[in-house]
Each structure stands twice: as structure tokens, then as C-alpha cells.
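Chemist: The numbering of the sequence shown is this note's numbering, which starts it at 299 and goes up by one.
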Amino acid sequence: GECARVACYILNRCPTKSLPNSKTPYEMWFGKKPDYSRMHLFGCTAHAKIVTRLKKLDNRSKKYRHIGYSLNGYRLWDENARKIIYSRDVIFDDQIPENTNENVYDDVKFAIDVEENVEESSEEAG
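1. So, with DSSP's three-state summary, where would you put residue 328?
2. According to DSSP, is residue 359 helix, strand or coil?
3. Could you please give the first and the last residue of the uninterrupted alpha helix (DSSP H) stretch that includes residue 307?
4. Taking the CB atoms as reference points, tell me whether residue 362 and residue 348 lie closer together than 8 Å.
5. Three Cβ pairs or more, each shorter than 8 Å: is that satisfied between the region 370-387 and the region 320-334?
6. How big is the Cα-Cα spacing for residue 376 and residue 359?
7. Starting from residue 349, follow the beta strand (DSSP E) in both directions and report where the run begins and ends.
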């Protein structure tokens, strides 16, 4: 469910040829360009501000996973409590998510390179 929400969020902010002047669905609906500064890598580490009373040396933020967008903030996954929280005050580390196999990203890049080479070679032959 969360991946589908993020995919929809991104697609609504991408230009499309089916709309006049390659506008985004977001532009057509709201009449203004989307704000891309809110977009972050799905699954990246996010540090959300702790809003409860803190002592002088307490941590000011907690580590979560970015899993989506809410109306005025972000949807974050708390791995320890196994629940979704919402926060507006978040700092992101837009790197490859921790605890993931980096080879997965290499395989995707390799697949893209192979597809480009196949298209080029078929054009040369034809």
C-alpha cells in the first residue's frame, strides 16, 4: 500500500505528453507547479524531531524510515514499534537505505544498460 501511494504521488508530479504543454496532473488540478523540495528517496533514513519534553542531554530526534507523504508532513516507519508515524519536522539522509542489498541497485542499473545496448544494436542492424 505505501509503495503505491508514493508511486501515485510521484506520477502526479511528473510531466506527461497527454496534457497540454507537457504539464503535470498536479499543475492541471491546482493551477501551480508542484514543489519538488519535499520529494525524498523511498526507504531512506529520516530523523524526526521528538516533541515531548526533553532534558538537557536527551536526544532531540529519533531515527525512522521514510515511507511516504502526508498532507502537511511525512509518513515514517518506526522499525522498533512497528508502526507508522506522521511528522512535519524531519531531516532526511537521501542515500541508499540501510540494511538493503546494494547489489539490487547494481542489478537494476545493469538491466537498464543492457536494454539501451539492445536498442542501439537493433537500430544498427535495421
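Note that beta-carbon positions come from the ideal geometry of N, C-alpha and C, so glycine has one too.
Computed from a predicted structure; not experimentally measured.
Modeler: Taking the geometry as given:
1. In the sequence shown, residue 328 corresponds to position 30, counting from 1. Helix, per DSSP.
2. To locate residue 359, count along the sequence shown from 1; it is residue 61. Of the three classes helix, strand and coil, the one that applies to residue 359 here is strand, per DSSP.
3. Numbered from its first residue, the sequence shown carries residue 307 at position 9. Run containing residue 307: 300-309, per the alpha helix (DSSP H) assignment.
4. Here residue 362 corresponds to residue number 64 of the sequence shown, with the count starting at 1. Here residue 348 corresponds to residue number 50 of the sequence shown, with the count starting at 1. No.
5. no
6. Within the sequence shown, residue 376 is the residue found at index 78, counting from 1. Within the sequence shown, residue 359 is the residue found at index 61, counting from 1. Approximately 13 Å, taken between the alpha carbons.
7. Indexing the sequence shown from 1 puts residue 349 at position 51. Run containing residue 349: none; DSSP gives neither H nor E here.
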